[in-house]
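Residue numbers (this note's numbering): 28 to 962. Inspection log for the structure reproduced underneath, given as structure tokens.
Here is the structure:
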């Protein structure tokens, strides 16, 4: 670390000192970045912009994300190689993506940012991008399946680096890092975290430079314990020195409510920032506290909020899906009083609205579970921790770790919103607990990062490793690159854990032994490509094999869904629960072989299956909640739509791809069903409505249900309904849906005809003009063309002749200037166009070449400036070439109609038409657009 560095430097040093683009630095400045701070300066001066791996440990709110952003841009400038930014959560990926995109995708900067999460399949877009935002799991997926994408990277940034210690996801992240070092040593690894006490060890493992500024904060953070019995907060310095005390008023019996009201009252009196963020263990606490605190608000506090804004926010929430549930009704009432709550059961749009309202300082209080603990910038001066736990009592929850506590505390006093200090207060009901919390959290150091690798039980990691390292000796090489290996790899322990894990994989037919080698079977290779636990894949494969002789009906679908729900993919609280039990649970456990699950968990499997079955039957959320007896004050529609349903879909789609690759018999029987089920479960729609999604019409569940109610049960029926009737049903959404149906279900020329009709409707042009044009043939076709020309009489002067003559054309057409005079050519004579119209009788075949060329007999060369044939429905394939040879211009009816639309939009005039009519061959939409650009 470099001593005597300034506390801050102007943002311009990113250009003058560190070599970034002026346009990028100016964009940052325009977004409110005026300077870089001490941790950022230390990072840039201590290796952030070198070629070595780099670990940056810095307190929450100190600008780690900007350092990572600069690293990725600097790397791209030096090498033109793309970079990846990895995060643990989809929501965090979305937030980082929006931030990066806003700052980087200006034309002057030109850096293309893409996102790849569990919901995204966009390999081609990733290959074109400069910065990729991914979840850990998605990066691991690409590492296994698209190594060529990874090999082209210049740098990989891992946000929330301390997640290596996470018992569920840490091993995957650790193995990602090991494989990067082993297979792609030229890729630079950058780790970001606020809490890594053993940073020296981690940096040594990664051969990385270390920059640790975790003891610096832009705004000081005061940590304390509220002793409710004595109505006092004691703030402590490190180590263990009491720095200050604050006496709390006696407003409410509940300690959290009392502390909240006291804080807001004091901040209002000093005209400070009266926003507080309260962390609670459970969803129910978040909702209940919001309801109870709003009842405690004084008139003075109520006057502090902007009722007009809050009513508007409440209205916005009321327009979102699920607004009829108790949870959202409670949130709406709380918001009207300046209070909101946030937890995993709220939908993403709902969370976005309340987060924006809190950021904009429209809300005074946000009550949240730990869903707001990572990577979120909020304007809270004080963080209150009502109880340092996650979840309920006993085995249904656990105490916070020190690192988790420090992350929560770090939400207070963010410099983006205030220059004042931040405060974190843990609530204690008694002095004894106060002393315990002080020692356990405030004065304690975060836990050190430790390895979570255990190949005896982590079947997914083992299977994926064996694909590239098929023996213990080869596994040793990659394991030596892990933190587990760095700490001292015991070869015998590794061999034993591999043997235990491989025995399971062998039993599931994913691995075969060949002496010292462990070779993946074709089935094993297919499983290793997917984001699925191999044990889950085995359970589902076993069931599908048992179902081969069964008919595909609703009973089979329910059994498949129950099997899927019983797998480890749904462990870790990803099943619904309610009071009571199912009388048939022991029978279900035996029938489906659910030995690893206790009866309580079997109840949850049955309940969750019943819920997803009703979801894909298009029953309403309120009906599902009512029939299945769900607690509507705890559960919300988003629990189905955004958590459980996507998990069903992801698992089912993974299995569909596995059997497609390696299980022909199963794929022949179940492939189409699983493909449909993947869509049905993700969007909550019936089997007969799957094509709305497959054909790209809509994936909106409510829209699909409504379309079915008005008689549009499948996408093809959208083609047959009149846009005027459809608009009466769907308002502005009608055009979008109809257009998608036309684009995706029709081929030209019918597609172009329908698109023209839709554009005409959108612009308020009489549809009958085009309907007559597209449906008329022979002599009637000429009259339809003539009718269109009459609507362009400021450009065309038509002298029509006898229709159907063998010797003279339908019309001579002249072009007109704006003043009404005839437009003249370079020879000084009026431009004169010979116009013929040709069609087939039933409009089911193209106009023949010989028919199109009949114009040669009627329009002698030299007498006309141009010879034009308008044809319906189209021309034969060879007609354009032959017409070009003879100096004739063929205009398909759709191009003629498009010409009229362009005229109505004032995008063409007589001069552009003159240039267009000088062409020969067949006029296409593309050629017409070229003329527009030229004009």
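We put the beta carbon where it would ideally sit given N, CA and C, even for glycine.
Buried versus exposed call for residue i [16 or more other C-beta atoms within 10 Å across all chains shown]
i, result
"residue 972", "This structure does not reach residue 972, given that the chain is present from 28 up to 962, and the question cannot be answered."
"residue 325", "exposed"
"residue 596", "buried"
"residue 669", "buried"
"residue 680", "buried"
"residue 616", "buried"
"residue 64", "buried"
"residue 716", "buried"
"residue 51", "buried"
"residue 891", "buried"
"residue 68", "buried"
"residue 630", "buried"
"residue 779", "buried"
"residue 866", "buried"
"residue 512", "buried"
From the options, residue whose alpha carbon lies closest to that of residue i
i, options, result
"residue 224", "644, 525, 754 and 429", "429"
"residue 906", "921, 885, 889 and 878", "878"
"residue 368", "321, 346 and 414", "321"
"residue 594", "140, 821 and 678", "678"
"residue 524", "486, 507 and 560", "486"
"residue 647", "352, 619, 169 and 854", "352"
"residue 698", "575, 613 and 756", "575"
"residue 311", "658, 804, 815 and 185", "658"
"residue 8", "822, 388, 947 and 183", "A question about residue 8 goes unanswered here, because the residues of the chain that appear run from 28 up to 962."
"residue 552", "774, 521, 537 and 194", "537"
"residue 540", "498, 473 and 947", "498"
Beta carbon of residue i nearer than 9 Å to that of residue j
i, j, result
"residue 56", "residue 38", "yes"
"residue 431", "residue 400", "yes"
"residue 585", "residue 548", "no"
"residue 826", "residue 846", "no"
"residue 355", "residue 373", "yes"
"residue 120", "residue 162", "yes"
"residue 533", "residue 500", "no"
"residue 880", "residue 913", "yes"
"residue 80", "residue 221", "no"
"residue 232", "residue 85", "no"
"residue 923", "residue 796", "no"
"residue 259", "residue 464", "no"
"residue 724", "residue 571", "no"
8 Å CB neighbourhood of residue i in its chain, flanking five on each side removed
i, result
"residue 441", "87, 88, 246, 404, 405, 406, 407 and 449"
"residue 435", "306, 397, 400, 410, 412, 427 and 451"
"residue 425", "416, 417 and 418"
"residue 592", "602, 632, 635, 636, 639 and 675"
"residue 60", "38 and 93"
For residue i, the three-state DSSP class (helix, strand or coil)
i, result
"residue 171", "helix"
"residue 854", "coil"
"residue 553", "helix"
"residue 65", "helix"
"residue 935", "coil"
"residue 143", "strand"
"residue 81", "strand"
"residue 287", "helix"
"residue 159", "strand"
"residue 826", "strand"
"residue 534", "helix"
"residue 520", "helix"
"residue 753", "helix"
Other residues of its chain near residue i: CB distance less than 7 Å, five sequence neighbours each side excluded
i, result
"residue 844", "850 and 937"
"residue 386", "405 and 406"
"residue 555", "171, 490, 491, 494 and 547"
"residue 94", "67, 70, 75 and 83"
"residue 535", "561 and 565"
"residue 153", "141, 143, 159 and 176"
Same chain, Cβ closer than 6 Å to residue i, neighbours up to 5 away in sequence not counted
i, result
"residue 139", "156 and 157"
"residue 185", "113 and 218"
9 Å Cβ cutoff, residue i in contact with chain D
i, result
"residue 40", "Looking for chain D here will not work: only one protein chain is present."
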